[in-house]
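A.B. asks: Below is the structure I would like to discuss, written out as structure tokens.
Numbering (the working numbering), first residue to last: 524 to 930.
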């Protein structure tokens, strides 16, 4: 038997954590008997996920997959929750930082998306991810940042291509990009980032979860009551949910803080969140315009859709809630890419307009992933990355319940 030195066996604590999580995942796939035993243990734990946005759906799917008795509760009959305005951009490697919590969450989510996609497609679902993302800019300062970012990713072994204005014109001639406006300085291409349709993914996650016993309650939660270390919920119209839950995962965006306030938690003062309104348009493109991959053009997102349609979105209007109309001028500036739009975008026909509210933490970084009391967790404030960080947030919840230490 080959002996392994003490040095070779040593692992950094973060490596140990990652290894244990991968071990649990592989064990369930490779050892059905042991997986069944783990599911039997987990089945004795009841978990309520409050909120059916993307983070809530990801959390419910992962926990039900691990054998927990999961109930998801939402006042909305359709599966969108606070993700109604999300365009589904996955911007992990183009993130401007290369370390820290947010970088780790982004990288973890992209790895989990690949694993989840493989599982869902094996179960007969589409689970489509459109790989590849362009970042384009008319701003010289941003262009310098893009060049530094591409250089940093190259050192990390992460594929990312840099394109100056002349190289972008060549991409237009090759048909990889539609005609671009004058004044465009350059951009980068990230093959590992991309976009998904949030609504389709949420539907498929919930359908697959129901095969694992997930229960869906269409109601608003009005009150949380702690009973001997467990939790009971009061639903709208003074109805009681008679179930006693071991864990509550509150994934209700801005509504989360109002729900938690009556508990008198001292740390809820540090969990303040502000609404930030985002608007989006669906456009019908002129004939002959072919945009193949998603584009982030100086902060405005362009997402190609079937049948020659385009999603366009990314207004940031702090302080506005879902019931308030977004700024018409902000919407116009967005469609015109703040004065940089090519002619084909100016000619596009507006099919529909919608808006949604993002929850942005005040005084701390997004997202808020925190255990507030035994069995009570807050998973909210993902701001502009609720889709990208959905899987990593769900894994945070799974590790917490399993008692696995986290950084």
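We put the CB at the ideal spot given by N, CA and C, even for glycine.
1. Give the DSSP-derived three-state secondary structure of residue 798 in the structure shown.
2. What's the call for residue 752, buried or exposed, on a 16-neighbour Cβ count within 10 Å?
3. Count the CB pairs spanning the segment 576–584 and the segment 876–884 that are closer than 8 angstroms, and state whether there are at least three.
4. Indicate whether the contact test is met: 3 or more Cβ pairs, each with one atom in the segment 795–804 and one in the segment 623–640, closer than 8 angstroms.
5. With DSSP as the reference, label residue 614 as helix, strand or coil.
6. Assuming residue 657 and residue 818 make a contact with CB atoms under 8 angstroms, what is their CB distance in whole Å?
7. Terminal residues of the continuous beta strand (DSSP E) containing residue 876?
8. Measuring CB to CB, does residue 717 end up less than 8 angstroms from residue 652?
9. So, is residue 588 buried or exposed, given that buried needs 16 or more other C-beta atoms within 10 angstroms?
10. If residue 777 sits next to residue 798, beta carbons under 8 angstroms apart, how far is it from one beta carbon to the other, in whole angstroms?
11. Nearest to residue 812 by alpha carbon, out of 644, 737 and 702?
12. Please name the residue in 836, 918, 856 and 900 whose C-alpha comes closest to that of residue 611.
13. Have a look at the DSSP bridge pairing and note the partners of residue 817.
14. I'd like to confirm the pairing. Which residues does DSSP put opposite residue 569 in its beta bridges?
15. Give me whichever residues DSSP pairs with residue 823 in a beta bridge.
16. Can you give the beta carbon distance from residue 891 to residue 795, rounded, assuming they're within the 8 angstroms contact cut?
17. With a CB to CB cut of under 7 angstroms and the five nearest residues on each side skipped, what residues in its chain are close to residue 628?
18. Give the range of the alpha helix (DSSP H) segment to which residue 749 is assigned.
19. Which residue wins for smallest C-alpha separation from residue 807, given the options 786, 824, 821 and 830?
20. Here's the rule: buried if 16 or more other CB atoms are within 10 angstroms of the residue's CB, otherwise exposed. What is residue 928?
C.D. replies: In terms of the structure at hand:
1. It is a strand residue.
2. Flag for residue 752 reads exposed.
3. Judged by Cβ distances under 8 angstroms, the segment 576–584 makes no contact with the segment 876–884, as fewer than three pairs qualify.
4. With a cut-off of 8 angstroms on Cβ pairs, the segment 795–804 is not in contact with the segment 623–640, counting fewer than three such pairs.
5. DSSP places residue 614 outside both helix and strand once states are collapsed to three, so it counts as coil.
6. Indeed they touch by this definition, with Cβ atoms about 4 angstroms apart.
7. Where residue 876 is concerned, the enclosing beta strand (DSSP E) stretches over 872–884.
8. Taking a C-beta distance under 8 angstroms as the contact criterion, residue 717 and residue 652 qualify as a contact pair.
9. The residue in question, residue 588, is buried, as its Cβ has 16 or more Cβ neighbours within 10 Å.
10. Between residue 798 and residue 777 the Cβ distance is about 6 angstroms, and since that is below 8 angstroms, they are a contact.
11. When only C-alpha atoms are compared, the closest one is 702.
12. The shortest Cα separation from residue 611 among 836, 918, 856 and 900 belongs to 836.
13. Partner(s): 656.
14. Paired residue(s): 592.
15. In the DSSP output, where bridge partners are listed per residue, residue 823 has 820.
16. About 10 angstroms separates the beta carbon of residue 891 from that of residue 795, a gap too long to meet the 8 angstroms contact definition.
17. Closer than 7 angstroms at Cβ, skipping near neighbours: 912 and 915.
18. From DSSP, residue 749 is part of no alpha helix (DSSP H) but of the beta strand (DSSP E) over 744–750.
19. Residue 807 has its Cα closest to that of 830, out of 786, 824, 821 and 830.
20. Answer is exposed; the Cβ neighbour count stays below 16.
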